[in-house]
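Just so you know, we're using the numbering used here here: the sequence shown kicks off at -14 and counts up by one. Each residue gets a CB set at the ideal place from its N, CA and C atoms; glycine is no exception.
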Amino acid sequence: MLLKIESFLPADKLAEVRRIVEAAELEDGRRTGSARLKLNRQSGALAPGLEPAQRIVHESLANSVDFSVFALPKTYRIFFNRYDVGMYYRAHMDQSLMGLGTPQLMRTDLSFTVFLSEPADYDGGEFRIDSPCGEQRLKLPAGSLICYPSDMLHEVEPVTRGSRLAAIGWIQSLVPDRVRRELFRSFDALGRDVIRALPDDPRWRERFAYIREGLLRDWAEV
-14 MLLKIESFLP ADKLAEVRRI VEAAELEDGR RTGSARLKLN RQSGALAPGL EPAQRIVHES
46 LANSVDFSVF ALPKTYRIFF NRYDVGMYYR AHMDQSLMGL GTPQLMRTDL SFTVFLSEPA
106 DYDGGEFRID SPCGEQRLKL PAGSLICYPS DMLHEVEPVT RGSRLAAIGW IQSLVPDRVR
166 RELFRSFDAL GRDVIRALPD DPRWRERFAY IREGLLRDWA EV
């Protein structure tokens, strides 16, 4: 239900994204959310100067097998945000639809955060989420990614020292049903384990590929 990938962004890519985001003029996050819940700085859908950082995150998402199998992404959006001292985002669920009334309409099945600041750079600012396994409070190393269903209640606790930078995004999955996504992920992991254990028997690869592709053909909405 919750994917965590440490070192999702390699050090050189992380440094470049952080440099770009630190220099960017981010807008008041309350423009795209309730002022009662949200106080931060955030990039908009069109983010002048942030396109190179978006491309780096996009390439890392596209190249991550773990992310691709977990999310089965059809499309996604990448924004950036910043929390300075006193800023927060109280407990909320992400909107189910984004871009209403525009050609960019998408359903939000999953959300993700890529931590751009090291935990030592700031106090507070923990990411808290209510998952089926109970409450989790996360403050991961810079370059780490978390991905989770968009309807899970989550928040960013107030920052009390320093600044917390992150890339954030929303995903429309090819497989909207979360149970099917989890079954697909488990089956894919089993298949890779068996193929590694029996590399000299090509029958296993073909058998797993037959079922894997059949599941996608039956479940995917394109």
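| Check | Outcome |
| --- | --- |
| Collapsed DSSP secondary structure at Val141 in the structure displayed | strand |
| Neighbourhood of Glu141 by C-beta distance below 7 Å, restricted to the same chain and skipping five residues each side | The displayed chain sequence assigns Val, not Glu, to residue 141. So the list reads Tyr68, Tyr73, Tyr74, Gly110 and Phe112, once near-sequence residues are dropped. |
| Candidates Glu198, Ala8 and Ile5: closest to Val160 by CA position | Glu198 |
| DSSP state of Thr17 mapped onto helix, strand, coil | helix |
| Nearest neighbour of Asp(-3), chosen from Ser28, Arg92 and Ala127 [CA to CA] | Ala127 |
| Reference Leu153; option with closest CA among Asp13, Gln121, Tyr195 and Gly29 | In the sequence under discussion, the amino acid at residue 153 is Ile, which differs from the Leu named in the question. With distances taken between Cα atoms, Ile153 lies closest to Gly29. |
| Buried versus exposed call for Cys132 [16 or more other C-beta atoms within 10 Å across all chains shown] | buried |
| Within 9 Å, strictly: CB atoms of Trp204 and Arg62 | no |
| Identified DSSP bridge partners for Tyr133 | Ser96 |
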